[in-house]
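Working notes for the structure below.
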Amino acid sequence: MNKLVLLIGAGFSCAVIGRELAEAGHTVTILDARDHIGGNCHTERDADTNVMVHVYGPHIFHTDDEEVWRYVNRFSTFKPFVNRVKTTAKGQVFSLPINLHTINQFFGKALRPEEARAFIEAQADTSIENPQTFEEQALRFVGKDLYEAFFKGYTQKQWGCSPTELPASILKRLPVRFNYDDNYFAHRFQGMPENGYTPLIEGILDHPKITVRLNTRFTRDMAAGYDHVFYSGPLDGFFDYELGRLGYRTLDFERFTHEGDYQGCAVMNYGDEQVPFTRITEHKHFSPWESHEGSVCYREYSRACGADDIPYYPIRLVKEKSLLEQYVKKAREVDKVTFVGRLGTYRYLDMDVTIREALDTARGFLNHLEAGKAVPAFFVDV
Ligand SMILES: Cc1cc2nc3c(=O)[nH]c(=O)nc-3n(C[C@H](O)[C@H](O)[C@H](O)COP(=O)(O)OP(=O)(O)OC[C@H]3O[C@@H](n4cnc5c(N)ncnc54)[C@H](O)[C@@H]3O)c2cc1C
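Mapping of the sequence shown onto full-length UniProt numbering: position 22 corresponds to residue 22, and the numbering continues sequentially without gaps.
Here's what the structure looks like:
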């Protein structure tokens, strides 16, 4: 039977769920507080330079999930794009992720792969037997010099605390490649939607059974009259922050323009602690098939998220996890609402994972309907 479904947020999460439900014959309404669709993946052309700008920070599509790759290619042509990140540290420019070029340049050597592996092993601090903190883990893996140049300052700026206060689990694997591969993402499929992410999401939403209402902030009373709600806003926000706020980092983007080529690449990190920003992104390099005289760049600063800021990165340390547990418990007590996406489940999610989870959630919902079972508050483990 046709259901009336309300979805909160016009980012990838609810666009994909909405599309799947509309295709299954249900009537879908999507609300977003912003004046545009696309969520944080929103892109728009700069009026002066015509450069495609990633308004809420740079987004590169990369995945190993073939179904997700086929899904996004249904709604947009994808252009090849390989993310080759650079970093400025101690007055020089290096290639990231740390690879053989970075190691040879940094130490002034000409090592081959196995020599470099042995060299890095000799740098590692083997006195640390059971690393507990990010700093210990990094020292254990790569030693003091690489840690201080490439991890310490950047991490401090990104998370607003010392790497001695962060868990070792953040750095799970040896963050070094012993070859010259500087492709930031080790995924089979990588690319950029030719006309940006917003037209791609517009394509997903383009279905006769989907209505989108922008500039509309959801309040719980709006759920009346709907059979089910999918909510991709902040989990704590759904409950009016009554137990307190889940901690996030927010970003400030300082926009500037330049005639010509400002930095010669899309992403330049700044590892030194004294430089207050974490990176500069030059947006025209995300569309290398286009040609523009002018350039639009963002200097990116990270700081604690306040009540009026956009929540970007969930912190998820001990304190936040305990508050999260309480909100999850409350969410499970709410009838006919499913919490989805990066904000609804308080996790960092890449776009491909967001789409995978949205497809699985929509299918799970349809299966529950068919079986006459109550739909859960979460289809994923938060
Ligand atoms: C700086 C940054 C860079 C990133 N780069 C990449 C990358 O390179 N590659 C990659 O794969 N992923 C990247 N991501 C992740 C990507 O942004 C997410 O995967 C994606 O945005 C998740 O989509 P979503 O729909 O869950 O959430 P969002 O895109 O955040 O959408 C949620 C929407 O809900 C709306 N909303 C919230 N509350 C309400 C309310 N009460 N009422 C109405 N509307 C509401 C918001 O306005 C928003 O539009 C990056 C993330 C960040 C923060």
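Positions of the beta carbon are idealized from the N, C-alpha and C atoms, including for glycine.
- Residues of the same chain with a CB within less than 6 Å of the CB of Ile-315, apart from the 5 flanking positions on each side, are Gly-247 in chain order.
- Assignment of alpha helix (DSSP H) within the segment 287-372, counting only whole runs of 4 or more residues, yields 318-332, 341-344 and 351-371 in chain order.
- Ranked by Cα distance from Thr-198, the options Tyr-56, Ile-8, Leu-4 and Lys-373 are led by Tyr-56.
- Going by C-alpha positions, Gln-274 is about 12 Å away from Gly-91.
- Under the criterion of beta carbons closer than 8 Å, Thr-63 and His-54 do not qualify as touching, at roughly 18 Å.
- The beta carbon of Trp-69 sits closer than 7 Å to the beta carbons of Thr-63 and Phe-189 from its chain, once the five residues preceding and following it are set aside; these are given in chain order.
- Between the alpha carbons of His-368 and Val-375 lies a gap of roughly 6 Å.
- Distance from the Cα of Ser-169 is smallest, within the candidate group Asn-130, Ser-322 and Val-5, for Asn-130.
- A check of alpha carbon separations from Asp-309 across Ile-120, Pro-234, His-228 and Glu-320 identifies Pro-234 as the nearest.
- The DSSP-derived three-state label of Glu-136 is helix.
- Per DSSP, the beta bridge partners of Met-192 are Lys-79.
- DSSP places Val-53 in the uninterrupted beta strand (DSSP E) bounded by 52-54.
- Taken through DSSP and simplified to helix, strand or coil, Ile-128 comes out as coil.
- In the assembly as shown, Met-1 is an exposed residue. Its beta-carbon has fewer than 16 other beta-carbons within 10 Å.
- Between the alpha carbons of Pro-163 and Leu-21 lies a gap of roughly 44 Å.
- CA-to-CA, the gap between Ser-76 and Gly-196 works out to about 9 Å.
- Note on geometry: alpha-carbon atoms of Lys-329 and Leu-243 lie some 12 Å from one another.
- Put simply, the backbone Cα of Glu-333 is about 38 Å away from that of Gln-156.
- Taken from the Cβ of Phe-12, at least one heavy atom of ligand 1 lies inside 6 Å.
- The Cβ atoms of Ile-204 and Ala-377 lie no closer than 7 Å to each other.
- For Asp-252, the enclosing beta strand (DSSP E) starts and ends at 248-259.
- Secondary structure note for Thr-27: its beta strand (DSSP E) is the uninterrupted segment 27-31.
- Here Gln-92 carries a strand assignment [DSSP, helix/strand/coil].
- Under the DSSP assignment, Tyr-262 falls outside any alpha helix (DSSP H); it carries neither an H nor an E label.
- Here Val-340 is near Ser-13, since their CB atoms are less than 7 Å apart.
- Inter-segment contact for the segment 260-270 and the segment 28-40 is absent: fewer than three beta-carbon pairs are separated by less than 8 Å.
- Secondary structure at Tyr-184: coil, using DSSP grouped into helix, strand and coil.
- When DSSP states are grouped into helix, strand and coil, Ile-98 belongs to the coil group.
- Bridge pairing for Lys-86: Ser-95 and Met-268 [DSSP].
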